[in-house]
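Contents: one structure, followed by commentary.
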Amino acid sequence: MLKIYNTIARDKQVFTPIVAGKVSMYVCGMTVYDYCHLGHARVMVVFDMVNRWLRTSGYDVTYVRNITDIDDKIIKRANENNETIAQLTQRFIDAMDEDSAKLGVIRPDIEPKATEFVGGMLSMIATLIDKGFAYSASNGDVYYAVNNFEGYGKLSGKSLDDLRAGERVEVDTHKKDPMDFVLWKAAKPNEPSWDSPWGKGRPGWHIECSAMSSHHLGQQFDIHGGGQDLQFPHHENEIAQSEAAHSHDGKPCQMVNYWMHNGFVRVDDEKMSKSLGNFFTIRTVLEKYDAEVVRFFILRAHYRSPLNYSDQHLDDAKQALTRLYTSLRGLPIPDAAIDWEQPQAASFKAAMDDDFNTPEAFAVLFDLANELNKTRSLDTAALLRGLAGIVGLLQREPNSYLQSSPALEVVSGNTFDVDALIVLRNEAKKAKNFAEADRIRKELAEVGIVLEDSSQGTIWRRA
RNA sequence: GGCGCGAUAGCAAAGCGGUUAUGCCGCGGCCUGCAAAGCCGUUUAGACCAGUUCGACUCUGGUUCGCGCCUCCA
640 MLKIYNTIAR DKQVFTPIVA GKVSMYVCGM TVYDYCHLGH ARVMVVFDMV NRWLRTSGYD
700 VTYVRNITDI DDKIIKRANE NNETIAQLTQ RFIDAMDEDS AKLGVIRPDI EPKATEFVGG
760 MLSMIATLID KGFAYSASNG DVYYAVNNFE GYGKLSGKSL DDLRAGERVE VDTHKKDPMD
820 FVLWKAAKPN EPSWDSPWGK GRPGWHIECS AMSSHHLGQQ FDIHGGGQDL QFPHHENEIA
880 QSEAAHSHDG KPCQMVNYWM HNGFVRVDDE KMSKSLGNFF TIRTVLEKYD AEVVRFFILR
940 AHYRSPLNYS DQHLDDAKQA LTRLYTSLRG LPIPDAAIDW EQPQAASFKA AMDDDFNTPE
1000 AFAVLFDLAN ELNKTRSLDT AALLRGLAGI VGLLQREPNS YLQSSPALEV VSGNTFDVDA
1060 LIVLRNEAKK AKNFAEADRI RKELAEVGIV LEDSSQGTIW RRA
């Protein structure tokens, strides 16, 4: 029985889908004006894990993750680069796809782009005006009237009074209430724009997600996810828009049943973000670390906990993953369906069902590795690989992981003939010339290659 | 200022009102020509102060510290 921590309830709740056997899930994706950083990687990997576990649990999942391809930063960046908006966004969409594929992320079923849904946004805005939840201002903007939506603040736990008291932005005189937010922005000179009943302009950020989620998943859907920082105002505003627009006879239509928010990636205990400038892009990290190590690093912490990034932590994750792959090395592992009655499989399932407790599930993986190291049982190996596969890990040939690393490629190039040196060393060993044997081993160690002698012969791995 | 989250061993990170989390590192042993890997064993915990309880890391209250949101942000 799956339980999910529902942000809006501030509690773990038993997951019951709207339609038995089916799950509709929407996750706020990226604004594509730059390369993705590790914070984005966490969203992609975490909800990929959620998607995989739901499917493993037998649900027919429709997973939507949007792409924001029009916004201030995109316009600004395109101008700076002297390229069109379409060129810029496509470039970074391609980069994002490349990064996420490396991280083992299964593509969402639907990846709608904001610019392809302007029509839907316009009709939603019109509906909101009709129902009295929005108004067009004299400056050509259209605003949402937060006062008219009774539940405003229910997701983030904020009250309008508190929000107004903490208001740090100068009051825009075009707004009726300082907390009103923009649905449609009047076009400024040299900006891309769409025609609308309120003049040329472009959509605000929040309305994009309301329009795209309802188009693909309906007025009410099961799970909505995103980073913790989107809780307010983005998701709060989505609720206000969608529930007001879809209201019947004045009664709001509940938009989402389960709100999920993943924790931040931090650097030195501070949130990793563009504005702080303390971010590491995925591709930078992948120059040094295997993508599977990064995935393992992200999933070994609970998705709601903060996750500190540092080389030391990545090194730690690398060692741990090495232990797992080492246990599988050299075994002809059969493909076998997972027997969920099996105690370890049951523990794994219990952990995953408890709000996707991957750290606890991973502990089961290490138990299996320990057992496997003792027994060399192919059943155990199959179970370990099978369970890990559910969260997108351990699917490679062990040596593909153990004998490769971005760092090793840089150091050794393709010129190092490890096998030949192993042969030489074994001849030296046979002749009891241990000084020579150790010299060869040391030479390899210096380029990051570790030799291991066993009854099966000598094998190597990267350090 | 308002709202919220957190504080677990050298590092990372979970569960749990009483019984080994787990990984990395360290230490001892086995194995090995020596190593490595592996196995066995092992040292380090629960910020602080009260309370509830037969018993609290786990529940309650308070204190201190850290983080996040309140502005674009995954």
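In this text, residue positions in the first sequence follow the numbering used here: the first is 640, and each later residue adds one.
Ideal Cβ placement from N, Cα and C applies to all residues, glycine included.
- In this structure, Trp898 lies away from Thr695, with their beta-carbon atoms at least 8 angstroms apart.
- Looking at the backbone, the Cα of Arg968 and that of Gly1028 are separated by about 16 angstroms.
- Counting along the chain, Asp738 sits inside the alpha helix (DSSP H) bounded by residues 724–741.
- Cβ contact annotation for His874 (same chain, cutoff 6 angstroms, sequence separation greater than five): Leu794, in chain order.
- The alpha-carbon separation between Tyr791 and Lys890 amounts to approximately 14 angstroms.
- For a cut-off of 8 angstroms, the C-beta gap from Gly838 to Gly779 is around 5 angstroms, short enough to register as a contact.
- Annotated three-state conformation of Phe860 is strand, per DSSP.
- Going by C-alpha positions, Ser944 is about 15 angstroms away from His679.
- Each of Ile1061, Glu1082, Ala1070 was checked against the Cα of Asp1092, and the nearest Cα belongs to Ile1061.
- For Ala825, the enclosing beta strand (DSSP E) covers residues 820–825.
- A direct Cα-to-Cα measurement between Lys1071 and Arg962 gives close to 31 angstroms.
- Sequence-distant Cβ neighbours of Phe860 in its own chain, meaning closer than 8 angstroms and more than five residues away, are Ile657, Ser663, Met664, Tyr665, Ser852, Met894, Val895, Asn896.
- As a beta-bridge residue in DSSP terms, Leu946 pairs with Val904.
- The continuous alpha helix (DSSP H) containing Lys1081 extends over residues 1073–1085.
- Approximately 18 angstroms separates the beta-carbon atoms of Pro831 and Ile764; this is outside 8 angstroms, ruling out the contact.
- Taking the C-beta atoms as reference points, Val671 is found nearer than 8 angstroms to Met735.
- Counting along the chain, Asn645 sits inside the beta strand (DSSP E) bounded by residues 642–645.
- At a Cβ-Cβ threshold of 8 angstroms, Gly758 and Asn705 do not count as neighbours.
- Your pair Val906 and Tyr948 checks out as a contact, with CB atoms roughly 6 angstroms apart and the cut at 8 angstroms.
- In the assembly as shown, Asp929 is a buried residue. Its beta-carbon has 16 or more other beta-carbons within 10 Å.
- For the pair of segments examined, the stretch 1016–1027 was found to touch the stretch 972–990: the number of CB pairs separated by less than 8 angstroms reaches three.
- In terms of Cα proximity to Lys651, the closest of Leu641, Ala659, Gly660 is Leu641.
- Asp994 sits buried, since 16 or more C-beta atoms from the chains shown fall within 10 Å of its C-beta.
- From the listed residues Asp992, Glu877, Glu931, Lys827, the smallest Cα separation to Ile714 is found for Lys827.
- In this structure, Thr766 lies away from Ala879, with their beta-carbon atoms at least 8 angstroms apart.
- Excluding the 5 residues flanking it on each side, Asp908 has no same chain C-beta neighbour closer than 6 angstroms.
- Here Leu856 is buried, its C-beta having at least 16 other C-beta atoms within 10 Å.
- For Met899, the secondary structure class from DSSP, reduced to helix, strand or coil, is strand.
- Residues Gln983, Thr1019, Leu1022, Leu1023 of the same chain have their beta carbon placed closer than 7 angstroms to that of Leu1007, with the five preceding and five following residues left out of the count.
- The Cβ atoms of His813 and Ser777 lie closer than 8 angstroms to each other.
- Following the DSSP letters along the chain, one finds Thr701 inside the beta strand (DSSP E) bounded by residues 699–704.
- Every alpha helix (DSSP H) stretch that sits fully inside the stretch 736–809 and reaches 4 residues is listed by chain position as 757–769, 799–804.
- The beta carbons of Leu938 and Val904 sit about 13 angstroms from each other, so the pair does not count as a contact at 8 angstroms.
- Here Asp650 is bridged, per DSSP, to Asn645.
- Short of 7 angstroms from the beta carbon of Leu960, and not among the five residues preceding or following it, lie these beta carbons of its own chain, in chain order: Glu931, Val932, Phe935.
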